[in-house]
Structures are given as C-alpha cells and as structure tokens.
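Notes to accompany the following structure.
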Amino acid sequence: MTPRDASDPSGSRWSDLDRPPLNVTALRRGLVREGGLWRRVDVVQRTGSTNTDLVARAAEGQAEEGAVLVAEEQTAARGRLDRQWTAPARSGLFFSVLLRPVEVPVARWGWLPLLTGVAVATGLSRAAGVDTALKWPNDLLVTVGDEERKAGGILAERAGDGVVIGVGINVTLRAEELPVPRAGSLALAGAVSTDRDPLLRGMLRSLEEWYGRWRSAGGDPAVSGLQEAYAAGCATLGRVVRAELPGDRSLVGEAVAVDGDGRLVLATEAGVQEPVGAGDIVHLRAV
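Read in order, the letters of the sequence shown are residues 195 to 481 in the working numbering.
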C-alpha cells in the first residue's frame with residue numbers, strides 16, 4: 195500500500211506526489227453542459243462504494259440521470275459476485291453514474307455494462323494511448339509484458355427506474371501494490387498518460403456518445419453499432435473458455451459470438467451452441 199503522510203492519518207492530498215488529486219472544478223467545466231448527459235459531478239475523498247452511495251441517492255430522490263460520483267479512495271468497493279476491489283488512494287479512477295434509459299425496453303438494459311465497456315475502452319485508448327481489450331462480460335484487459343491482465347471492471351445495479359453503473363480502473367498501481375499477480379494497471383501497460391483528469395473526461399465523453407447512440411436506436415445493439423463494436427474489442431471471442439455457471443456447473447467451449455441479448459455463445463465439443471447469460475469466464479487458449 196502507498197505510505198501516507200505521517201502527520202495526517204487520513205491521508206492528505208500531498209501524501210503521494212505521483213498521485214495528485216482530481217480537479218473537480220475542471221471536471222465539471224469540461225463535462226457538465228447544457229443539453230449534455232452529465233448533470234452533476236461530485237468527487238469525495240473516501241467512501242465505501244460509489245455504487246452503494248449513488249444507488250442510495252437515487253432511492254432517496256437525490257440524484258437525477260447524469261449524476262456522476264467519483265471517489266479518490268474506496269474502502270468497500272465491490273465487483274461481480276460481491277468480490278472486493280481495493281486500491282491505494284488516488285491510484286485509480288473509481289466512479290459511478292446514474293442512467294435512466296426510459297425509452298429503451300427493460301429487456302435491453304442488460305447491454306448497459308457491455309456498452310460501458312466499449313465506451314471505457316475507447317476513451318482510455320484515446321486518452322492513455324494504451325491498447326485495451328474487453329473480457330466478457332465486464333472486465334477491461336491490458337497487456338503487461340506479454341501477459342494479459344485485468345486493469346478494470348464494471349458493475350451495474352438497478353436503482354428504481356434507473357441503473358447505476360460503477361467503473362474501477364487501475365491507473366498508477368505499481369507492481370508491488372497489485373492485489374493479485376494477474377492484475378495490471380495503465381502505468382504497467384505503458385500508458386503514455388496517467389493524468390486522471392483527462393482520462394476520466396475521456397471515458398465519460400465516450401460513454402455519453404455511446405449511450406446516446408444506443409438510446410436513439412431504442413436500445414437495439416445492432417442498429418446502434420454496439421454489438422459490432424463490442425465483438426471487435428472482445429478478447430474472449432475466438433478462444434476456448436470455461437464458463438463457471440450458477441449452481442456449481444461449468445461449460446467449456448469456443449466463444450463464437452455475443453448474441454442480440456448480450457449473451458456469450460459457446461460452441462461445445464458436442465457441436466451445440468450454448469448461450470451464457472451470467473457466470474465467470476476463464477480464458478483457456480486461443481483457437
């Protein structure tokens with residue numbers, strides 16, 4: 195973990211000079227505009243989980259669509275299956291957004307985490323200059339050396355008539371700070387920039403663009419171009435994978451497509467194509 199300023203047990207803004215705080219004034223100026231998606235941007239120094247906080251605000255009627263909540267440090271962040279996500283203060287970007295796609299059939303809302311993955315990968319590729327790939331359904335991968343590693347994740351939760359989507363990205367995490375050997379960060383992947391302000395702006399602008407396109411198409415992943423874009427950036431497709439399914443079941447097959455419902459389609463050795471809607475995916479080998 196990154197050492198804190200000894201005179202400030204809570205961790206002052208100068209506890210790590212390589213990790214300056216976000217500039218909330220500049221973020222608001224660059225993201226909140228008339229007619230745009232993002233209506234409010236808040237940055238807190240420390241919280242348990244931005245997703246939990248924003249879901250609560252939505253339930254209490256204290257957040258409108260386009261609310262963005264960013265934390266410099268999270269102490270109880272969650273990934274899929276309630277897995278913990280921890281990182282040193284200001285070493286990454288940890289944020290949640292509230293979306294209310296009321297004109298889109300709820301059956302198509304399952305595309306929102308995949309849409310966010312496309313948007314985040316696109317924004318980071320532009321702003322950080324690092325190649326990124328998507329692991330179905332919600333992981334962001336980078337290459338460190340010759341290894342594929344997870345540098346980020348996405349978690350979507352219903353919040354009344356909307357959805358809160360949380361994103362966590364390791365930006366400047368150092369090798370000795372990795373929570374597990376297979377983790378990575380933008381810095382370890384050779385990013386040309388690790389300045390978190392333009393990285394966050396780039397991701398949120400890309401998310402606004404893709405969300406608008408998808409919403410205008412009534413949530414249709416083919417018409418909006420989302421299905422094609424996701425397939426193009428998905429590192430899972432074209433590999434033999436093991437899907438670890440609910441109920442302690444598993445399925446092995448080649449990942450051949452992402453269907454219109456956002457499910458991963460596996461071609462098994464028995465010659466059957468099986469759609470997988472939920473579960474952990476383990477990359478085994480390329481075909």
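Note that the Cβ used here is the ideal one computed from N, Cα and C, for glycine as well.
Can you tell me whether DSSP reads residue i as helix, strand or coil?
i, result
"V459", "strand"
"V476", "strand"
"E341", "strand"
"Q256", "coil"
"R198", "Per-residue confidence for R198 stands at a pLDDT of 35, beneath the threshold of 50, marking its modelled position as unreliable; no derived number is given."
"S400", "helix"
"G432", "coil"
"L380", "coil"
"R320", "helix"
"R409", "helix"
"E438", "strand"
"G465", "coil"
"L372", "coil"
"R352", "strand"
"E267", "coil"
"A416", "coil"
"G360", "strand"
"A385", "coil"
Can you tell me whether residue i is buried or exposed? The criterion is at least 16 other CB atoms within 10 Å of its CB, across all chains shown.
i, result
"Q256", "exposed"
"N332", "buried"
"G282", "What sits at residue 282 in the sequence shown is Pro, not Gly. Buried is the call here."
"R352", "exposed"
"T316", "buried"
"M195", "With a pLDDT of only 31 at M195, under 50, the local geometry of the prediction cannot be trusted, and no value is derived from it."
"Q467", "exposed"
"A385", "buried"
"T326", "buried"
"R390", "buried"
"S444", "exposed"
"T176", "Because the chain is modelled from 195 through 481, residue 176 falls outside the range shown and cannot be assessed."
"G473", "buried"
"G311", "buried"
"V417", "exposed"
Strictly by DSSP, which residues pair up with residue i?
i, result
"L334", "L328 and G346"
"R443", "L439"
What is the C-beta distance between residue i and residue j, in whole angstroms, given that I count them as a contact (C-beta under 8 angstroms)?
i, j, result
"I359", "P307", "7 angstroms"
"G413", "W330", "With 8 angstroms as the limit, G413 and W330 do not qualify as a contact, their Cβ atoms being about 19 angstroms apart."
"T180", "R213", "The requested residue 180 is not part of the displayed model; the chain covers only 195 to 481."
"A437", "L460", "6 angstroms"
"V434", "V481", "6 angstroms"
"T280", "P373", "7 angstroms"
"A381", "K344", "Actually they do not touch by this definition, with Cβ atoms about 15 angstroms apart."
"R409", "G419", "Not a contact, Cβ separation roughly 13 angstroms."
"T244", "F288", "6 angstroms"
Which parts of the segment 218-262 are runs of the alpha helix (DSSP H), unbroken and 4 residues or longer, counting only runs that do not cross its ends?
218-225 and 244-253
Runs of beta strand (DSSP E) lying entirely within the segment 282-316, each at least 3 residues, in chain order:
286-293
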